[in-house]
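Using this note's numbering, the first residue of the sequence shown is number -15, and each one after it goes up by one.
Idealized CB from N, CA, C, for every residue including glycine.
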Amino acid sequence: MTFGTSVEELQARLDASPFNAWLGLQITNIGTEFVSFRVPPRPEFMGTKRLGRMHGGVLTALIDAAAGYTLMARVGVSITSVDVRVDFHQGAEVETLLIEGAVVRLGRKLACVDVRILSAANVLIASGRGTFYIPTDKSTSPAS
-15 MTFGTSVEEL
-5 QARLDASPFN
5 AWLGLQITNI
15 GTEFVSFRVP
25 PRPEFMGTKR
35 LGRMHGGVLT
45 ALIDAAAGYT
55 LMARVGVSIT
65 SVDVRVDFHQ
75 GAEVETLLIE
85 GAVVRLGRKL
95 ACVDVRILSA
105 ANVLIASGRG
115 TFYIPTDKST
125 SPAS
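Here it is in structure tokens:
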């Protein structure tokens, strides 16, 4: 089943996921080559209070979600994460984050998406890559 891929339609799908809604991921732009997101800070994102740094698991979840919704903006169907890898480039303050996602490879059943997380000052915090299964109309899960 396909769905609309405008900013508003995709944001509604994102917000329908309780975890993604809790993360606060906001789609700001859907371009031909990329999707942009914004994430407002939350005190629960704190990983190391003494250093004032974000938890790496939050950054990883943001990369997975942003990669998935970047791909969904392109294909218009729900997808399933197969693999996610993350590189942490520097500690992240708990602040508004800017995220950019771009589809690297779109195959018939698998796709690869790159994501960059930037600070409000446009400094690279983390980057990652997700691989996703794209179901066809004959199958609804990777096990089918």
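Within its chain, find whatever has a CB closer than 8 Å to the CB of residue i; leave out the 5 residues flanking it on each side and keep chain order.
i, result
"Phe18", "Thr54, Glu84, Gly85, Ala86"
According to DSSP, what are the bridge partners of residue i?
i, result
"Glu84", "Ser20, Arg100"
"Glu77", "Arg37"
"Gly114", "Val68, Val97"
"Gln10", "Arg22"
"Arg(-3)", "Answer is none; Arg(-3) lacks a bridge partner."
With a threshold of 6 Å on Cβ separation, who are the neighbours of residue i within its own chain once the five nearest residues in sequence on each side are excluded?
i, result
"Cys96", "Val88, Arg89, Thr115"
"Arg113", "Arg69, Asp98"
"Ile47", "Val70, Val99, Gly112"
State the DSSP-derived secondary structure class of residue i, mapped to helix, strand or coil.
i, result
"Arg26", "coil"
"Val70", "strand"
"Arg89", "strand"
"Ile109", "strand"
Could you give the distance in angstroms between the alpha-carbon of residue i and the alpha-carbon of residue j?
i, j, result
"Ala51", "Arg100", "10 Å"
"Leu35", "Ala76", "10 Å"
"Val23", "Ile11", "9 Å"
"Ser65", "Tyr117", "6 Å"
"Gln(-5)", "Lys33", "31 Å"
"Gly41", "Ala104", "19 Å"
"Ala110", "Thr(-14)", "31 Å"
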